[in-house]
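Below is one structure, written out as structure tokens; the observations come after it.
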Amino acid sequence: MTLLEAIIFGIVQGITEFLPISSTAHIVITGMIFGYTFPGLSFEIYLHLASVLAVMIYFWRDLFQVISGFFRFIAKRQREDRAQFFFGVYILIATAITGVLGKLLSDVAADSIKTPPFIAGALVITGLSLIFIERFHRIGNKTEETMTFWDSILVGLGQTLAVIPGISRSGATLVVALLAGLDRETAVRYSFLLSIPVILGSTVLAIGDFSSTMIEYVGTINLIVSFVVTFVFSLLGIIWLISFLKKSKLTYFAVYCFVVAVLIVLFLDPSTVMDVE
Numbered sequence: 001m002t003l004l005e006a007i008i009f010g011i012v013q014g015i016t017e018f019l020p021i022s023s024t025a026h027i028v029i030t031g032m033i034f035g036y037t038f039p040g041l042s043f044e045i046y047l048h049l050a051s052v053l054a055v056m057i058y059f060w061r062d063l064f065q066v067i068s069g070f071f072r073f074i075a076k077r078q079r080e081d082r083a084q085f086f087f088g089v090y091i092l093i094a095t096a097i098t099g100v101l102g103k104l105l106s107d108v109a110a111d112s113i114k115t116p117p118f119i120a121g122a123l124v125i126t127g128l129s130l131i132f133i134e135r136f137h138r139i140g141n142k143t144e145e146t147m148t149f150w151d152s153i154l155v156g157l158g159q160t161l162a163v164i165p166g167i168s169r170s171g172a173t174l175v176v177a178l179l180a181g182l183d184r185e186t187a188v189r190y191s192f193l194l195s196i197p198v199i200l201g202s203t204v205l206a207i208g209d210f211s212s213t214m215i216e217y218v219g220t221i222n223l224i225v226s227f228v229v230t231f232v233f234s235l236l237g238i239i240w241l242i243s244f245l246k247k248s249k250l251t252y253f254a255v256y257c258f259v260v261a262v263l264i265v266l267f268l269d270p271s272t273v274m275d276v277e
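Dropping the structure here:
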């Protein structure tokens, strides 16, 4: 891998991770364009670490409030910590559902979900979902104080679908959270905070695959550069998305998903099985 390619991978991952357009699809497509099949630890998961670091830094106050409120409520049962405690519980519930069902879905689907036509179709589904939630569903008013266990279960189920390349994790959690009646601000915050345990969990499960082969294949300098670039662009992507959602529509992302789906169908070999870890 060249230094320029490492930078491009970092930019693609950073920009697309938290936008509702499927970072997995974009990393896989970028890999196909450059002709890479990554051995051992998925390069995608490695870059996800940089993205989750950006979330943790940007939302450090929110993260601290949830964690401290969670344990204070357990220790002291103070009423003011109740909302943060249950919000933490809702994050754990959605994460557990995603971890168990996501693994089952990934194992069952196997290579059938790794072809360009399938990924293009998944991107279309992502786009249609964004249009539906924006144009045909009234946004609710639930906050972290009023959301329920059922809301977290629904979001966990929605997030599970993101194991399919082309189904955006951020898009799925946003759509399902809004569908469950959460207000936009709470849905966005919940989606971002959910990414932390999900990405860290997937990394822990795959850490045994991180070997000298991976380092030699990509290159030490390239790994460092791609990580730093991913972190920077993830941080910029978070800031931009939060600002964008305050004044614009999710339908713009839907149009983008449709365009990418068409390009995949037109320019990628439909018989190719992509390497999606």
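FYI, in full-length UniProt numbering the residues of the sequence shown are 1 to 277.
Built from N, CA and C at the ideal position, the CB exists for glycine as well.
No experiment lies behind these values; they were computed from the predicted model shown.
Residues near Ile-167 in its chain [Cβ-Cβ closer than 7 Å; skip 5 each side]: Ser-22, Ala-122, Ile-125, Thr-126 and Leu-161
Going by DSSP, what residue range makes up the alpha helix (DSSP H) through Gln-65? Counted as a single uninterrupted DSSP element, the alpha helix (DSSP H) harbouring Gln-65 occupies residues 60–76.
Distance between Val-188 and Val-155 (C-alpha atoms, nearest Å): 12 Å
Considering only the beta carbon of each residue, do Ser-68 and Glu-17 sit closer than 7 Å? No; because the gap between Cβ atoms is not below 7 Å, this pair is not in contact.
Could you tell me which whole beta strand (DSSP E) segments of length 3 or greater appear in the stretch 160–235? none
For Lys-249, the three-state DSSP class (helix, strand or coil): coil
Grab me the residues of Val-225's own chain with a C-beta within less than 8 Å of its C-beta, minus the 5 sequence neighbours each way, in chain order. Leu-3, Ala-6, Ile-7 and Gly-10
Could you check how far apart the C-beta atoms of Arg-135 and Thr-251 are, in whole angstroms? I think they sit under 8 Å. At roughly 7 Å, the Cβ-Cβ gap stays under 8 Å, so Arg-135 and Thr-251 are in contact.
Do Asn-222 and Met-1 have their beta-carbon atoms positioned less than 7 Å apart in this structure? yes
Pick from Val-163, Phe-118, Val-218 and Gln-159: whose alpha carbon is nearest that of Val-175? Gln-159
Does the distance from the C-beta atom of Leu-194 to that of Ile-91 stay below 7 Å? yes
Backbone CA spacing between Val-218 and Arg-79 [nearest angstrom]: 51 Å
Closest to Glu-216 by CA distance: which of Phe-43, Leu-263, Val-265 and Ser-202 is it? The residue with the shortest Cα to Cα distance from Glu-216 is Phe-43.
Rounded separation between Leu-200 and Tyr-46 - CA only: 10 Å
Please name the residue, chosen from Ile-238, Val-260, Leu-49 and His-26, that lies closest to Phe-192 on a Cα-to-Cα basis. Ile-238
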